[in-house]
Amino acid sequence: MIVAIPKETFPGENRVALVPANVPALAKAGVEITIESGAGAGAFQPDEAYISRGAKIEDNRERLLSRADTVLIVRGPGADPGFPQSDLDALRPGTALIAFLEPLAEPELMKSLAGRDLTLFAMDLIPRVTRAQQMDTLSSMATLAGYKAVLLAAQAAPRMFPLMMTAAGTFTPAKVFVIGAGVAGLQAIATARRLGAVVEAYDLRPAVKEQVESLGARFIELDLKADEAETSGGYARQQTDDFYRVQQELLSEHLAKSDVVITTAAVPGKRAPILISRDIFENLRPGSVVVDLAAEKGGNCSLTKPGEQIVVDGVTIIGPTNLPSQVPLHASQMYSKNISTFLLFLLRDGGLNLDTSDEIIRESLVAHGGRLVNPAVLKALKGE
Ligand code: NAD
241 MIVAIPKETF PGENRVALVP ANVPALAKAG VEITIESGAG AGAFQPDEAY ISRGAKIEDN
301 RERLLSRADT VLIVRGPGAD PGFPQSDLDA LRPGTALIAF LEPLAEPELM KSLAGRDLTL
361 FAMDLIPRVT RAQQMDTLSS MATLAGYKAV LLAAQAAPRM FPLMMTAAGT FTPAKVFVIG
421 AGVAGLQAIA TARRLGAVVE AYDLRPAVKE QVESLGARFI ELDLKADEAE TSGGYARQQT
481 DDFYRVQQEL LSEHLAKSDV VITTAAVPGK RAPILISRDI FENLRPGSVV VDLAAEKGGN
541 CSLTKPGEQI VVDGVTIIGP TNLPSQVPLH ASQMYSKNIS TFLLFLLRDG GLNLDTSDEI
601 IRESLVAHGG RLVNPAVLKA LKGE
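Right under this line is the structure:
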């Protein structure tokens, strides 16, 4: 099997889908790896490092793609609105594409790609089961985003994070409030604690209380019970508009006391819930900083501008859209480990195993044989 790794084309994307360290394991499994020249440059992975691990380098992108049986990418169509048409045209029918695809947000696009007879696997749909932990790229990227969000907040804040006792006075630690304590939120808590901040956190899933406390943060419990807060997969369930309205009001008291607010709340396949409306925003102190990690999914703060840092009434609002790409070396190492583990898992008799009786394959396989095959994507296509 020939596996191709093209250079990412999304603006500002520094990651690469495969790093040299993971080439030997794939080569041992009988895979021939070809990398587009310079594909690893943004992540500090030179062509020579790939060659020394047994990969080939190709200068001509069209030739690279047209010869491939399988293509590994970070941002595939769906996750990259400007995905080059020429790349799609270069792929032979039957080629497998493994990438972030955001198929639930882009079901129509997935249908048209299926019509090209591409086999599509979405890294972002791999279930979060123990067996798939090493393939869990959502967790990998969320970990990096949570870490980097705190650094952005520390950089923008007009104050230091740790308690400081100096000859010029004693300075109290920054108060950081993390809303949404999933993978990114927990990493944000840990990072803010390491910088010496006092951290509070809230999540509508009560199950995370223990995890928050084990990181040395205080878990905030609101006088508000979510209706079946958690899905069987451990994700938050979408709540009613009334729930979100009351939640915002109850959160405002904690927002008013915070120097830094990091929001990470998300509901899979839906717009991110608004936690800080314009009215609630009034409660934030001038000089405080909001880092809205949900910016790409519509934002948890209604004033967030995706990809921008703005100041409103003295409050800095940062809406980063591709934080993992700002940590490209480790982000690529993690993604590469995830995607190469997934590919090794799929390899069977020189091809890819498409047996959907395995839940990892069933949930991540989007299209095959000219049609959409994923139940969740088919539901999204019908607008359900
Ligand atoms: P996510 O990115 O979908 O959401 C982030 C967080 O926002 C979640 O904790 C969610 O509960 C919270 N949230 C949503 N709406 C909210 C609201 N209105 N108010 C407050 N918080 C809100 O989640 P994620 O980080 O991808 O993690 C989802 C789950 O998957 C977690 O339970 C995590 O432990 C689990 N997980 C399991 C494994 C595994 O077992 N292998 C691996 C990774 C993650």
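All you need for our numbering is the position in the sequence shown, starting with 1, plus 240.
For glycine and all other residues, C-beta sits at the position ideal for the given N, C-alpha and C.
Per DSSP, the unbroken alpha helix (DSSP H) holding Asp519 starts and ends at Arg518 to Phe521. In this structure, Leu515 sits near Asn540, with a CB-CB distance shorter than 8 Å. Within the same chain, Cβ atoms closer than 7 Å to the Cβ of Pro264 are found at Arg293 and Gly294, the five residues on either side in sequence being excluded. Only residues of its own chain outside the window of five on either side were considered, and among them Pro260, Val263, Ile275, Gly280 and Ile297 have a CB closer than 7 Å to the CB of Tyr290, listed in chain order.
It is roughly 20 Å from the alpha-carbon of Gly252 to the alpha-carbon of Met363. Ala393 is not a Cβ neighbour of Phe361, given a cutoff of 8 Å.
Taking 7 Å as the cut-off, one finds no heavy atom of ligand 1 near enough to the beta carbon of Pro564. For Ile514, there is no enclosing alpha helix (DSSP H), since its DSSP letter is neither H nor E. Within the same chain, Cβ atoms closer than 7 Å to the Cβ of Glu453 are found at Phe459, the five residues on either side in sequence being excluded. Ser580 places its beta carbon 8 Å or farther from that of Asn254.
Between the segment 550-557 and the segment 521-528 there are three or more C-beta pairs closer than 8 Å, enough to call the two in contact. Contact between Thr504 and Leu533 holds, with the beta-carbon distance rounding to 4 Å and staying under 8 Å. From the listed residues Leu258, Lys247, Gly355 and Gly474, the smallest Cα separation to Thr370 is found for Gly474.
Rounded to the nearest angstrom, the gap between the Cα atoms of Asp481 and Leu594 is 40 Å.
Judged by DSSP in its simplified three-state form, Phe361 adopts strand.
For Arg315, the enclosing beta strand (DSSP E) begins and ends at Thr310 to Arg315. DSSP places Ile429 in the uninterrupted alpha helix (DSSP H) bounded by Val423 to Arg434.
Ala432 and Pro398 have their C-alpha atoms spaced approximately 16 Å apart. A straight line joining the alpha-carbon of Leu391 with that of Gly547 spans about 16 Å. For the 8 Å CB-CB criterion, Leu365 and Ser604 form a contact.
Excluding sequence positions up to five before and after Glu599, its CB lies within less than 8 Å of the CB of Pro367 and Val369, all in the same chain and listed in chain order.
Excluding the 5 residues flanking it on each side, Val416 has same chain C-beta neighbours closer than 6 Å at Ala432, Ala437, Val439 and Val500, in chain order. In the three-state reduction of the DSSP assignment, Glu348 falls in the helix class, which pools H, G and I.
Here the segment 346-359 does not lie against the segment 379-388, with fewer than 3 beta-carbon pairs under 8 Å apart. Judged by DSSP in its simplified three-state form, Arg588 adopts strand.
In the DSSP assignment, Tyr442 falls within the unbroken beta strand (DSSP E) covering Val438 to Tyr442. For Thr581, the CB stays at least 7 Å from every heavy atom of ligand 1. Residue pairing by DSSP places Leu462 in no beta bridge whatsoever. Around the CB of Thr471, fewer than 16 other CB atoms lie within 10 Å, so the residue is classed as exposed. For Gly456, the number of other beta carbons within 10 angstroms of its own is below 16, and it is reported as exposed. Short note on Tyr575: C-beta not closer than 7 Å to any heavy atom of ligand 1.
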